[in-house]
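**Q** Please find one structure pasted underneath; my questions will follow.
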Amino acid sequence: MRLLAGKAVAAPPPPITLTDAALDHLAKLREESGGEQLLLRMGVKSGGCSGMSYVMDFEKEDNIKPDDLVSEYSLASGGSFRLVCDSKSLLYLFGMQLDWSPALVGGGFQFLNPNAANSCGW
């Protein structure tokens with residue numbers, strides 16, 4: 580909650596949505612990579628069959644740049660998870676949902692992006 584004109588209003592949703600399944604899996608990966616002080620950097624780079632590809636990696640808070648957007652998510656198990664995205668990538672990722680599936684076929688992270696004109700694979 581935050582105050583707007585003296586009234587408490589709900590904060591807007593983050594520009595990138597993480598499902599509970601994605602958050603749980605990312606929290607496990609973060610723990611294996613060095614712990615709760617790490618943030619997930621998400622972005623896009625040139626390449627891939629559709630012209631752009633997604634990149635994700637954990638990094639320390641020291642690497643946050645002034646024009647980066649940092650979003651915080653609550654974990655079902657308690658605690659929080661932070662995601663950082665540079666402003667250029669955010670133009671392509673705004674409104675995207677990141678999901679996770681443990682399925683043997685078609686499993687892994689799934690990027691559901693309304694901004695993508697086309698995609699590769701399934």
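In our numbering, the protein residues as written are 580 to 701. Cβ atoms here follow ideal geometry from the backbone N, Cα and C, with glycine treated the same way.
Is E640 helix, strand or coil when you go by DSSP?
**A** The sequence position of residue 640 within the sequence shown is 61, counting from 1. Of the three classes helix, strand and coil, the one that applies to E640 here is helix, per DSSP.
**Q** Quick check: P594 and L683, are their CB atoms within less than 9 Å of each other?
**A** One-based indexing of the sequence shown puts residue 594 at position 15. One-based indexing of the sequence shown puts residue 683 at position 104. Not in contact: P594 and L683 (Cβ atoms no closer than 9 Å).
**Q** For the alpha helix (DSSP H) that D603 lies in, which residues bound it at each end?
**A** Here residue 603 refers to the residue found at position 24 when the sequence shown is read from its first residue. D603 -> alpha helix (DSSP H) spans 599-612.
**Q** Could you check whether the stretch 631-641 touches the stretch 606-623, counting it as contact only if at least three pairs of C-beta atoms, one from each stretch, sit closer than 8 Å?
**A** yes
**Q** In whole angstroms, what separates the C-alpha of C664 from that of G686?
**A** Stepping through the sequence shown from its first residue, residue 664 is reached at position 85. Stepping through the sequence shown from its first residue, residue 686 is reached at position 107. Distance between the alpha carbons of C664 and G686 is about 24 Å.
**Q** Going by DSSP, which residues form a beta bridge with V623?
**A** As a first step, residue 623 must be located in the sequence shown, where it is residue number 44. Its beta-bridge partners are Y633.
**Q** Could you spell out where the alpha helix (DSSP H) holding S656 opens and where it closes?
**A** The count along the sequence shown starts at 1 and reaches residue 656 at position 77. S656 -> no alpha helix (DSSP H), and no H or E assigned at all.
**Q** Are at least three pairs of beta-carbons, each pair with one atom in the stretch 641-658 and one in the stretch 598-609, less than 8 Å apart?
**A** Remark: three or more beta-carbon pairs, one from each stretch, lie closer than 8 Å, so the stretch 641-658 and the stretch 598-609 are flagged as touching.
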